[in-house]
Amino acid sequence: MAQMTMIQAINNALDVELGLNKDVLVFGEDVGHNGGVFRATDGLQKKHGKDRVFDTPLAESGIMGLATGLAMQGFRPVPEIQFFGFVFEAMDEIAGQAARMRYRTNGRFTCPLVVRSPFGGGVKTPEMHADSLEGLFLQTPGVRVVIPSNPYDAKGLLISAIRNNDPVIFLEHMKLYRSIRAEVPEEAYTVPLDKANVVREGKDLTVIAYGAMVHTALKSADELAKRGVQAEVIDLRSISPIDIDTIVTSIKKTHRAMVVQEAQRSAGAAAEIIAQINEHAIYHLEGPVLRITPPDTVYPFAQIEDEWIPDSKQVLAGMDKALSL
Amino acid sequence: MSTVLETEKTPYLQVLNKDGDVVNPSLMPDLSNDTLRELMRRMVFTRIIDQRAIKLSRQGRLGFYAPAGGQEASMIGSQAALNKDDFILPGYRDIPQLLFHGWNLTQWILFSRGHQHGTAMPQDMHALLPQIIIGAQYAQTPGIAMAFKLRGEKRVAITYTGDGGTSQGDFYEGINFAGAFNLPAVFVVQNNQFAISVPVELQTAAETLAQKSVAAGIPGYQVDGNDILAMYAVTKEAVDRARAGNGPTLIEALTFRFGPHTMSGDDPTRYRTKELENEWEQKDPLVRFRKFLEQKKLWSEQDEEQVMEDAKNELNDALKQADAYPKMTIPSLIDSMFEVLPDSLKRQKSEYTGKEDA
């Protein structure tokens, strides 16, 4: 075991899988010699060679077309989109092509690829770097979407994603890259895809969150606990598919729920989570399921992002409201 | 041959003139008499299938169909230059290349009708199904070609688009990636001069489409796309160069589609003049090659009739098989989405099967 940041855990996961499977390839803009703009791929080219870890021309659609072709031929590409705001350039190759390959060829070709990409606010990035666009892929049949919230999950989920035989979008929150250290085993291990994780147990309110909002929700839950009210916090981990069973199990205990996300009100996963709660747990609810989100504006310029992203006070106020309705 | 990198103007490469005479002996490919006859057989077969497909489509017995008549030389000449294990990434009009690469007529009919099993190509057939998103096949070609290069396999990826497709970003990204990584890929542009109703002059101010290769730093050739020997020769050279590790090539085939853009309601008389159509009928790739073979006593009216008869019979058999093929179901559609179905999809599948444990 070693203490690792999330970026180190991701680097370690890539290193481990590159070592275990010669079909794993890592590529993107500046991921090779430079080791990535966040050092996520630092040292990997030197260790595993230029055929396994390499730089590409600056073109996201080209990168994803390359990944799709390689995946169809049995490689396990782990391409990087430098910032997820640039995914619009590659939308067809991900949503129009890779996501549909198994279906459209009736299994003759598959796309076992993992798109790694940083996103998330709170670090004063320029435009189109921080946007939470996971909701676009929640609406894309044929892909899984994973968002880890801590170093241990990041490594285990990334290894699971690389070993999965269908496309996975693996989104890495920039604010979490170096803000937490945790014990992470040096060897390979997996954290299952499609499974949420109860990160704080409680009997009074279910709070569903993912990415950086998990930590905000935990902070608010600690505040709430000072008043003797216990919130159960679920780290969704998998945004698509949503692990509704874990959510329903919690609601059967708490009878109240809310969703916290960094994406705008109509974006992200909150609406889908609430719809599924309505389908599967409505008779267990004592009040409506609230969502705490930023407003439906474009992601703001850096100066106002801290006000725009829900903070622990806002989430706590939401908890109070959810408990009072 | 010279490339546009070396000359001011892209050369226009031709072996046969419209009378079937060899005008460029240095480019004449070394093909046996049997192979020459086989090329003609394939072109006649394709023409008959195309004519029948247009009728079948009007009768509602076929679904989506993009007529190929007129483009037989560029399609068949280029495919004939490939090995069986080379990989084709076709556009939606490129059905003939697939049929001669291992697809069968029954699967093509199922594909046209929108049946998933039409696209489950045999394991020993190396091709993707026709690409609907124009340009995406160009973006994917470097990936296929890089796989061959990484594994040290002497295989080539070939892809096709039309003149309109050269305006897409993916067109440029594809040829540029292949150039930057020096990949074994061949990019073919079938310039039939119209993208639905839009003439090529409205796509670009470039004098040729082949010269777009300059932007990627790769060789580019403009070929008489109605001359099957020129198409074969230029593609073969590009394929050999790629196989030898010397990188990709862009080939522009100048041609013309006789029919409409697709059978989905397009009317070419709205945008093409009768004069232009007549002009291109004089350049029919079958007429020219037939004259060449007849001069060499390699082709007869009887040969032609035999191919027509074969094509009709094979198509009728395929139609019967396609008609008898089991229909698609929602549960099998759901099963084809992932290797491991998420619980949400398992639940949705059970709604269609009526079984909880789907």
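If you read the protein sequences in the order shown, they are chains A and B.
The first sequence runs -9 to 315 under my numbering.
The second sequence runs 5 to 362 under my numbering.
Using N, Cα and C, we set each Cβ at its ideal position, and we do this for glycine too.
As the structure is a prediction and not an experimental result, all values here were calculated from the model.
1) Could you check if Ile272 (chain A) is buried or exposed, using at least 16 other CB atoms within 10 Å of its CB as the buried criterion?
2) So the candidates are B:Glu256, B:Met32, B:Asn21; which of them puts its Cα closest to the Cα of Thr170 (chain B)?
3) Please name the residue in A:Phe65, A:Ala(-1), A:Gly18, A:Leu48 whose C-alpha comes closest to that of Asn11 (chain A).
4) Under 8 Å between C-beta atoms, does Tyr93 (chain A) make it to chain B?
5) Which chain B residues sit within Cβ distance under 7 Å of Ser51 (chain A)?
6) Rounded to the nearest angstrom, how far is the Cβ of Ile136 (chain B) from that of Gly168 (chain B), given a contact under 8 Å?
7) Whole angstroms is fine: what's the gap from Arg62 (chain B)'s alpha carbon to Lys287 (chain B)'s?
8) Who are His163 (chain A)'s beta bridge partners in DSSP?
9) Please report how far the alpha carbon of Glu12 (chain B) lies from the alpha carbon of Gly74 (chain B), in whole angstroms.
10) Could you list the residues in the region 141 to 159 of chain A with a C-beta less than 9 Å from some C-beta on chain B, going in chain order?
11) In whole angstroms, what is the alpha-carbon distance linking Phe342 (chain B) and Asn28 (chain B)?
12) Taking the continuous alpha helix (DSSP H) assigned at Ser317 (chain A), which residues delimit it?
13) Does DSSP put Val43 (chain A) in a helix, in a strand, or in coil?
14) Could you give the DSSP three-state label for Glu157 (chain B): helix, strand or coil?
15) From the DSSP output, read off the bridge partner residues of Thr165 (chain B).
16) Report the option in B:Ser336, B:Thr163, B:Asp347, B:Phe181 whose CA atom is closest to the CA atom of Thr357 (chain B).
17) Is the Cβ of Asn180 (chain B) closer than 8 Å to any Cβ of chain A?
18) What is the DSSP secondary structure of Val135 (chain A), counted as helix, strand or coil?
19) Who are Gln(-7) (chain A)'s beta bridge partners in DSSP?
20) For Arg29 (chain A), which three-state DSSP category applies?
21) Is it the case that the Cβ atoms of Ser107 (chain A) and Asp174 (chain B) are separated by a distance below 8 Å?
22) Suppose contacts are defined by Cβ-Cβ distances below 8 Å. Is Phe181 (chain B) in contact with Leu56 (chain A) by that definition?
23) Would the beta-carbon of Ile159 (chain A) fall within 8 Å of that of Val105 (chain A)?
24) Closer than 8 Å, CB to CB, is Leu1 (chain B) near chain A or not?
25) State yes or no: is the beta carbon of Ile148 (chain B) nearer than 8 Å to at least one beta carbon in chain A?
26) By the criterion of Cβ-Cβ separation under 8 Å, what are the contact partners of Arg98 (chain A) in chain B?
27) May I have a chain-ordered list of the beta strand (DSSP E) segments no shorter than 3 residues that lie completely inside the region 214 to 243 of chain A?
28) Are the region 144 to 154 of chain B and the region 176 to 196 of chain B touching, with three or more C-beta to C-beta distances below 8 Å?
29) Step through the CB atoms of chain B and report whether any lies within less than 8 Å of the CB of Met248 (chain A).
30) Please state if the CB of Pro94 (chain B) and the CB of Tyr164 (chain B) are separated by a distance shorter than 8 Å.
31) Could you check whether the Cβ of Gln197 (chain B) sits closer than 8 Å to any Cβ belonging to chain A?
32) Can you tell me the Cβ-Cβ gap for Met47 (chain B) and Leu302 (chain B), rounded? I've got them flagged as a contact below 8 Å.
33) Just to confirm, is the Cβ distance from Gly86 (chain A) to His119 (chain A) under 8 Å?
34) Any chance you could list the alpha helix (DSSP H) runs of at least 4 consecutive residues sitting entirely within the region 241 to 291 of chain A, in chain order?
35) Under the three-state reduction of DSSP, which class applies to Gly224 (chain B): helix, strand or coil?
36) So with Cβ pairs under 8 Å, would you call Pro108 (chain A) a contact of chain B?
This is what the structure holds:
1) For the purposes of this step, residue 272 (chain A) is taken as residue 282 along the first sequence, with counting starting at 1. It is exposed - the Cβ of Ile272 (chain A) has fewer than 16 other Cβ atoms within 10 Å.
2) Taking the second sequence and counting its residues from 1, one reaches residue 170 (chain B) at position 166. Closest by alpha carbon: B:Glu256.
3) If you number the first sequence from 1, residue 11 (chain A) lands on position 21. The shortest C-alpha separation from Asn11 (chain A) is found at A:Phe65.
4) Taking the first sequence and counting its residues from 1, one reaches residue 93 (chain A) at position 103. Yes, its Cβ sits closer than 8 Å to a Cβ of chain B.
5) Within the first sequence, numbered from 1, the residue matching residue 51 (chain A) stands at position 61. Within chain B, the residues near Ser51 (chain A) are Ala143, Gly173, Asp174, Glu177.
6) Indexing the second sequence from 1 puts residue 136 (chain B) at position 132. Indexing the second sequence from 1 puts residue 168 (chain B) at position 164. Actually they are not in contact, since the Cβ atoms of Ile136 (chain B) and Gly168 (chain B) sit about 14 Å apart, beyond 8 Å.
7) For the purposes of this step, residue 62 (chain B) is taken as the residue at position 58 of the second sequence. For the purposes of this step, residue 287 (chain B) is taken as the residue at position 283 of the second sequence. Cα to Cα, the separation comes out at about 27 Å.
8) The count along the first sequence starts at 1 and reaches residue 163 (chain A) at position 173. According to DSSP, which records beta bridges pairwise, His163 (chain A) is partnered with A:Phe109.
9) Here the question's residue 12 (chain B) lines up with position 8 in the second sequence. Here the question's residue 74 (chain B) lines up with position 70 in the second sequence. Confidence at Glu12 (chain B) is low in this model, with a pLDDT of 49, below 50, so the placement of that residue is unreliable and no value is reported for it.
10) Asn154, Asn155, Asp156
11) On the second sequence, residue 342 (chain B) is found 338 positions in, with the first residue counted as 1. On the second sequence, residue 28 (chain B) is found 24 positions in, with the first residue counted as 1. So the alpha carbons of these two residues sit roughly 53 Å apart.
12) Residue 317 (chain A) falls outside the range modelled here, since chain A spans only -9 to 315, and no answer is possible.
13) Reading the first sequence from its first residue, position 53 is the one you call residue 43 (chain A). Three-state result, Val43 (chain A): strand.
14) If you number the second sequence from 1, residue 157 (chain B) lands on position 153. The answer is coil: DSSP assigns Glu157 (chain B) none of H, G, I, E or B.
15) By 1-based counting over the second sequence, the position of residue 165 (chain B) is 161. Bridge partners of Thr165 (chain B): B:Val193.
16) Along the second sequence, read from residue 1 onward, the residue named residue 357 (chain B) stands at position 353. When only C-alpha atoms are compared, the closest one is B:Ser336.
17) Numbered from its first residue, the second sequence carries residue 180 (chain B) at position 176. With 8 Å as the cut-off, Asn180 (chain B) counts as an interface residue toward chain A.
18) Within the first sequence, residue 135 (chain A) is the residue found at index 145, counting from 1. Val135 (chain A) falls in the strand class under three-state DSSP.
19) Taking the first sequence and counting its residues from 1, the one referred to as residue -7 (chain A) is at position 3. In the DSSP output, where bridge partners are listed per residue, Gln(-7) (chain A) has A:Glu173.
20) Counted from its first residue, the first sequence places residue 29 (chain A) at position 39. In the structure shown, Arg29 (chain A) sits in coil (DSSP, three-state: anything other than H, G, I, E or B).
21) Within the first sequence, numbered from 1, the residue matching residue 107 (chain A) stands at position 117. Within the second sequence, numbered from 1, the residue matching residue 174 (chain B) stands at position 170. Taking 8 Å as the Cβ cut-off, Ser107 (chain A) and Asp174 (chain B) do not qualify as a contacting pair.
22) The count along the second sequence starts at 1 and reaches residue 181 (chain B) at position 177. The count along the first sequence starts at 1 and reaches residue 56 (chain A) at position 66. Yes, they are a contact pair.
23) In the first sequence, residue 159 (chain A) corresponds to position 169, counting from 1. In the first sequence, residue 105 (chain A) corresponds to position 115, counting from 1. Yes, they are a contact pair.
24) A question about residue 1 (chain B) goes unanswered here, because the residues of chain B that appear run from 5 up to 362.
25) As a working note, residue 148 (chain B) is residue 144 in the second sequence. Output row for Ile148 (chain B): interface = yes.
26) Counting from one through the first sequence, the residue named residue 98 (chain A) turns up at place 108. Chain B residues near Arg98 (chain A): Thr123, Ala124, Met125, Gln127.
27) 221 to 225, 228 to 230
28) yes
29) Against the first sequence, residue 248 (chain A) aligns to sequence position 258. No, no contact with chain B.
30) Taking the first residue of the second sequence as 1, we reach residue 164 (chain B) at position 160. Taking the first residue of the second sequence as 1, we reach residue 94 (chain B) at position 90. In this structure, Pro94 (chain B) lies closer than 8 Å to Tyr164 (chain B) by Cβ.
31) Taking the second sequence and counting its residues from 1, one reaches residue 197 (chain B) at position 193. Taking Cβ atoms only, chain A never reaches closer than 8 Å to Gln197 (chain B), which makes this a no.
32) One-based indexing of the second sequence puts residue 47 (chain B) at position 43. One-based indexing of the second sequence puts residue 302 (chain B) at position 298. Actually they are not in contact, since the Cβ atoms of Met47 (chain B) and Leu302 (chain B) sit about 14 Å apart, beyond 8 Å.
33) Taking the first sequence and counting its residues from 1, one reaches residue 86 (chain A) at position 96. Taking the first sequence and counting its residues from 1, one reaches residue 119 (chain A) at position 129. No, the pair does not count as a contact, with Cβ atoms beyond the cut-off.
34) 260 to 271
35) Residue numbering aside, residue 224 (chain B) sits at position 220 when the second sequence is read from its first letter. If DSSP states are grouped into helix, strand and coil, Gly224 (chain B) belongs with the strands.
36) Working through the first sequence from its first residue, we reach residue 108 (chain A) at position 118. No, its Cβ sits nowhere closer than 8 Å to a Cβ of chain B.
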